[in-house]
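Q: This is the structure, below, for whatever I ask next.
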Amino acid sequence: MNGEIAAITMAARPKVAAAAVKDAAITALIAFGLFFLLVGLRTDVGPSGGLVLRQRWGEVAILVVLAFFGRLGLLTWRGLRGEAKPATAARTEALRKAGRLVAPVFILLAVALPFIPGTGRYELDLGILVLTYVMLGWGLNIVVGLAGLLDLGYVAFYAVGAYSYALLATTFGLSFWICLPLAGILAAFWGVLLGFPVLRLRGDYLAIVTLAFGEIIRVVLINWASLTGGPNGITGIPRPTFFGLPFNMSGDPGSFAGFFGLEPSPVHRVIFLYYLILALALLTNWVSIRLRRQPLGRAWEALREDEIACRALGINVTTTKLTAFALGAMFAGFAGSFFATRQGFISPESFTFIESAIILAIVVLGGMGSQIGIAIAALVMIGGFEIFRDLDEWRMLVFGGAMVLIMVVRPRGLVGSRTPTVALGTRRAIGAEHVAEGRG
Numbered sequence: 054m055n056g057e058i059a060a061i062t063m064a065a066r067p068k069v070a071a072a073a074v075k076d077a078a079i080t081a082l083i084a085f086g087l088f089f090l091l092v093g094l095r096t097d098v099g100p101s102g103g104l105v106l107r108q109r110w111g112e113v114a115i116l117v118v119l120a121f122f123g124r125l126g127l128l129t130w131r132g133l134r135g136e137a138k139p140a141t142a143a144r145t146e147a148l149r150k151a152g153r154l155v156a157p158v159f160i161l162l163a164v165a166l167p168f169i170p171g172t173g174r175y176e177l178d179l180g181i182l183v184l185t186y187v188m189l190g191w192g193l194n195i196v197v198g199l200a201g202l203l204d205l206g207y208v209a210f211y212a213v214g215a216y217s218y219a220l221l222a223t224t225f226g227l228s229f230w231i232c233l234p235l236a237g238i239l240a241a242f243w244g245v246l247l248g249f250p251v252l253r254l255r256g257d258y259l260a261i262v263t264l265a266f267g268e269i270i271r272v273v274l275i276n277w278a279s280l281t282g283g284p285n286g287i288t289g290i291p292r293p294t295f296f297g298l299p300f301n302m303s304g305d306p307g308s309f310a311g312f313f314g315l316e317p318s319p320v321h322r323v324i325f326l327y328y329l330i331l332a333l334a335l336l337t338n339w340v341s342i343r344l345r346r347q348p349l350g351r352a353w354e355a356l357r358e359d360e361i362a363c364r365a366l367g368i369n370v371t372t373t374k375l376t377a378f379a380l381g382a383m384f385a386g387f388a389g390s391f392f393a394t395r396q397g398f399i400s401p402e403s404f405t406f407i408e409s410a411i412i413l414a415i416v417v418l419g420g421m422g423s424q425i426g427i428a429i430a431a432l433v434m435i436g437g438f439e440i441f442r443d444l445d446e447w448r449m450l451v452f453g454g455a456m457v458l459i460m461v462v463r464p465r466g467l468v469g470s471r472t473p474t475v476a477l478g479t480r481r482a483i484g485a486e487h488v489a490e491g492r493g
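Sequential numbering of the sequence shown, starting at 54, is according to the working numbering.
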């Protein structure tokens with residue numbers, strides 16, 4: 054019997070190999086259709102100042118070959134691996150325990166970064182950028198990861214926070230510490246306004262409406278020039294101070310350097326901004342974790358798993374959705390106000406759809422509902438891809454390829470387990486076999 058099975062398997066291998074080659078050839082053909090115009094033809098400025106058409110068929114050939122062998126390698130790897138076995142609950146529990154050790158290490162490294170030898174202005178600016186996206190990812194995680202509401206217009210609340218701070222600070226002369234909570238409150242108010250029209254929507258319809266909301270906010274910022282400055286944006290946004298001590302180069306007793314007896318340096322303000330966004334990100338994380346253990350957080354998770362069952366349990370779905378939108382928007386408003394004070398200038402070009410897509414990709418790739426997974430995804434996607442900055446237009450191609458690879462290898466994200474906040478008896482993590490695609 055075993056011999057017959059082996060013979061059948063040997064006879065089927067050539068057919069499987071032929072099917073894999075055919076699949077890879079189709080992939081290469083599709084890649085050629087995509088890259089024929091996107092990569093093969095490019096307009097450049099000629100010597101006379103006019104546009105000339107430059108052909109790049111060598112690059113197209115390289116991309117097509119990579120697509121062919123990449124698809125062939127993926128099919129071969131799947132064939133050798135066999136049917137993928139989902140992670141067991143024991144393995145998921147081990148990963149959760151490892152995460153408890155990884156999180157404190159990351160926090161210690163983040164706190165010590167400005168004092169690590171070799172850390173300069175570039176590393177600090179990159180750390181500020183990464184932490185900003187970590188905070189935005191944790192804020193969106195409340196809406197998408199915990200409540201299960203697909204939001205494609207999250208950048209709108211980011212923009213509301215930034216413009217709220219800029220307008221309040223430049224018009225009324227309010228300090229950063231007063232404008233910060235006001236910007237969060239205004240962003241939360243707009244989150245509630247978005248939540249009311251989408252109470253009855255789910256899935257793709259909800260995503261379309263939130264996407265439209267983000268575009269509406271951007272168009273309003275562009276066209277309401279009397280208030281927002283239109284495409285020119287707002288300049289001269291005040292910088293934050295250290296309890297009233299400005300970060301200037303004068304060195305007088307009223308400045309930060311003069312008060313503490315330090316040599317005036319522009320790095321002082323950068324370090325202060327770094328610790329400020331670190332504190333805001335940790336605050337977002339702490340509030341999210343605390344709320345997740347409260348009845349409100351458990352209502353979010355119930356809504357994510359099954360809205361009909363959630364209603365049957367007597368949970369007020371309207372309040373649950375609105376609180377998720379409001380709290381997620383509030384943290385985006387905090388991040389937006391920090392972005393405005395850090396840049397000193399904002400314009401609608403900083404709040405396009407690609408920002409919402411990047412933040413959502415961080416949440417999905419990190420693992421929806423996973424705080425540590427989102428932090429790792431932000432570090433890899435925002436900080437790690439700085440290595441490829443010299444690749445110019447090829448950088449986004451590497452970015453997209455890495456996202457596809459992660460989704461193939463880890464379809465539920467880097468940390469894709471779910472641990473219930475309430476358990477009867479022994480508390481156990483939920484393995485991937487119980488939250489397979491389309492079921493959890």
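The C-beta atom is built at its ideal place from N, Cα and C for all residues, glycine as well.
Out of Trp353, Gly93, Tyr186, which one is the CA nearest neighbour of Thr371?
A: Residue numbering aside, residue 371 sits at position 318 when the sequence shown is read from its first letter. When each option's Cα is compared against that of Thr371, the closest is Trp353.
Q: For Thr288, list the residues DSSP reports as bridge partners.
A: Position 235 of the sequence shown, counted from the start, is the residue given in the question as residue 288. For Thr288, which the question treats as bridged, DSSP gives the partners Phe398.
Q: Is the Cβ-Cβ distance between Gly111 and Val105 less than 9 Å?
A: In the sequence shown, the residue the question calls residue 111 occupies position 58. In the sequence shown, the residue the question calls residue 105 occupies position 52. With a cutoff of 9 Å on beta-carbon distance, Gly111 and Val105 are scored as not near each other.
Q: Put Gln108 into one of helix, strand or coil per three-state DSSP.
A: Residue 108 sits at position 55 when you count from the first residue of the sequence shown. When secondary structure is reduced to three states using DSSP, Gln108 falls in the strand class.
Q: Are the stretch 380–389 and the stretch 160–179 touching, with three or more C-beta to C-beta distances below 8 Å?
A: no
Q: Give me, in chain order, the residues of the same chain whose beta-carbon lies closer than 8 Å to that of Gly132; leave out the 5 immediate sequence neighbours on both sides.
A: By one-based count along the sequence shown, residue 132 stands at place 79. Leaving aside the five residues that flank Gly132 on each side, the residues in its chain whose CB is nearer than 8 Å to its CB run, in chain order, Val69, Ala73.
Q: Kindly identify the DSSP beta-bridge partner or partners of Asp97.
A: Here residue 97 refers to the residue found at position 44 of the sequence shown. Val105.
Q: Identify the residues that DSSP records as bridge partners of Phe295: which are they?
A: The residue given as residue 295 occupies position 242 in the sequence shown. DSSP output for Phe295 lists Leu298 as bridge partner(s).
Q: Apart from the five residues just before and just after Phe249, which ones in its own chain have a Cβ nearer than 8 Å to its Cβ?
A: Here the question's residue 249 lines up with position 196 in the sequence shown. So the list reads Leu375, once near-sequence residues are dropped.
Q: Write down every uninterrupted run of the alpha helix (DSSP H) in the stretch 411–454 whose length is 4 residues or greater and which is fully enclosed by it, in chain order.
A: 424–431
Q: For a test of the three-state rule: what should DSSP assign to Ala485, helix, strand or coil?
A: As a first step, residue 485 is located in the sequence shown; it is residue number 432 there, counting from the start. Low per-residue confidence applies at Ala485: pLDDT is 47, beneath 50, and the placement is therefore not dependable, though the value from the model is reported in the following sentence. In this structure, Ala485 counts as helix in the three-state DSSP scheme.
Q: If you drop the 5 nearest sequence neighbours on each side, which residues of the same chain put their C-beta closer than 6 Å to that of Ala71?
A: On the sequence shown, position 18 is the one that residue 71 refers to. Once the five neighbours on either side are set aside, Ala71 has no close Cβ partner at all.
Q: Is there contact between the stretch 262–274 and the stretch 192–212, where contact requires at least three CB pairs shorter than 8 Å?
A: With three or more CB-CB distances shorter than 8 Å, the stretch 262–274 counts as touching the stretch 192–212.
Q: Spatial neighbours of Arg357 within its chain, please: CB distance less than 7 Å, with the 5 preceding and 5 following residues excluded, ordered by chain position.
A: In the sequence shown, counting from the first residue as 1, residue 357 sits at position 304. Leu199, Ala200, Gly201, listed in sequence order.
Q: Reducing DSSP to helix, strand and coil, say where Ala72 ends up.
A: By one-based count along the sequence shown, residue 72 stands at place 19. Note: Ala72 maps to helix in three-state DSSP.
Q: Taking the alpha carbon of Leu298 as the reference point, which residue from Leu91, Leu331, Phe325 has its own alpha carbon closest?
A: One-based indexing of the sequence shown puts residue 298 at position 245. Measuring from the Cα of Leu298, the nearest candidate turns out to be Phe325.
Q: Nearest by alpha-carbon distance to Phe404: which of Val213, Ala334, Arg343, Arg95 is it?
A: Here residue 404 corresponds to residue number 351 of the sequence shown, with the count starting at 1. Phe404 has its Cα closest to that of Val213, out of Val213, Ala334, Arg343, Arg95.
Q: Evaluate the contact criterion for the stretch 211–225 versus the stretch 239–256: three or more CB pairs, one atom per stretch, below 8 Å.
A: yes
Q: Can at least three beta-carbon pairs, one atom from the stretch 182–197 and one from the stretch 420–437, be found at a separation below 8 Å?
A: yes
Q: Thinking just about the alpha-carbon of each residue, which of Leu246, Gly454, Asp257, Ile368 is nearest to the one in Ala379?
A: Looking up residue 379 in the sequence shown gives position 326. The residue among Leu246, Gly454, Asp257, Ile368 with its C-alpha nearest the C-alpha of Ala379 is Leu246.
Q: Mind checking Asn285: buried by the 16 CB within 10 Å criterion, or exposed?
A: Reading the sequence shown from its first residue, position 232 is the one you call residue 285. Exposed: under 16 other Cβ atoms inside 10 Å.
Q: Please report the straight-line C-alpha distance between Ala332 and Val340, rounded to a whole angstrom.
A: Residue mapping note: residue 332 aligns to position 279 of the sequence shown, counting from 1. Residue mapping note: residue 340 aligns to position 287 of the sequence shown, counting from 1. Going by C-alpha positions, Ala332 is about 12 Å away from Val340.
Q: With a Cβ-Cβ cutoff of 9 Å, do Phe121 and Ala78 count as a contact?
A: For the purposes of this step, residue 121 is identified with residue 68 of the sequence shown, where counting begins at 1. For the purposes of this step, residue 78 is identified with residue 25 of the sequence shown, where counting begins at 1. Taking 9 Å as the cut-off, the beta carbon of Phe121 is found closer than this to the beta carbon of Ala78.
Q: Under the three-state reduction of DSSP, which class applies to Asn338: helix, strand or coil?
A: To locate residue 338, count along the sequence shown from 1; it is residue 285. Reduced to three states, the DSSP call for Asn338 is helix.
Q: In three-state DSSP terms, what is Leu182?
A: The residue you call residue 182 lines up with position 129 of the sequence shown. DSSP places Leu182 in helix when its eight states are reduced to three.
Q: Counting C-beta neighbours from all protein chains within 10 Å, is the total for Val417 16 or more, i.e. buried, or is it exposed?
A: Against the sequence shown, residue 417 aligns to sequence position 364. Flag for Val417 reads buried.
Q: Ordered along the chain, which non-local residues of its own chain (more than five positions away) have a Cβ less than 6 Å from that of Ala257?
A: Within the sequence shown, numbered from 1, the residue matching residue 257 stands at position 204. It should be noted that the sequence gives Asp, not Ala, for residue 257. So no residue of the chain qualifies.
Q: For Met449, count neighbouring C-beta atoms within 10 Å of its own C-beta (all shown protein chains included) and say buried if the count is 16 or more, exposed if not.
A: Your numbering for residue 449 matches position 396 in the sequence shown. Exposed is the call here.
Q: At 4 residues or longer, and completely inside the stretch 165–220: list those alpha helix (DSSP H) runs for me, N to C.
A: 174–194
Q: With 16 other CB atoms within 10 Å as the buried threshold, where does Ala489 fall?
A: Here the question's residue 489 lines up with position 436 in the sequence shown. Caution is warranted here: a pLDDT of 42 is assigned to Ala489, below 50, making its placement in the model unreliable, and the coordinate value is therefore given only provisionally. Sixteen is the threshold: since fewer than 16 other Cβ atoms of the shown chains lie within 10 Å of the Cβ of Ala489, the residue is exposed.
Q: Under 6 Å Cβ to Cβ from Ile287, same chain only, skipping five residues before and after it: list those, please.
A: The count along the sequence shown starts at 1 and reaches residue 287 at position 234. Here the set comprises Ala219, Ile399.
Q: If you compare alpha carbons, which of Ile411, Thr281, Ala428 is closest to Gly453?
A: Your numbering for residue 453 matches position 400 in the sequence shown. Nearest of Ile411, Thr281, Ala428 to Gly453, Cα basis: Ile411.
Q: If you drop the 5 nearest sequence neighbours on each side, which residues of the same chain put their C-beta closer than 8 Å to that of Gly307?
A: For this step, residue 307 is matched to residue 254 along the sequence shown. Around Gly307: Leu298, Pro299.
Q: I'd like to check one pair, Ala414 with Ala430: are the Cβ atoms closer than 9 Å?
A: Along the sequence shown, one-based indexing puts residue 430 at 377. Along the sequence shown, one-based indexing puts residue 414 at 361. A contact, by the Cβ cut-off of 9 Å.
Q: Go ahead and label Trp191 buried or exposed: buried means 16 or more other beta carbons lie within 10 angstroms of its beta carbon, across all protein chains shown.
A: By one-based count along the sequence shown, residue 191 stands at place 138. Result: buried.
Q: For the candidate residues Val113, Leu154, Lys75, Ala455, whose alpha-carbon lies nearest to that of Leu90?
A: Looking up residue 90 in the sequence shown gives position 37. Of all alpha-carbon atoms in Val113, Leu154, Lys75, Ala455, the one lying nearest the alpha-carbon of Leu90 is that of Val113.
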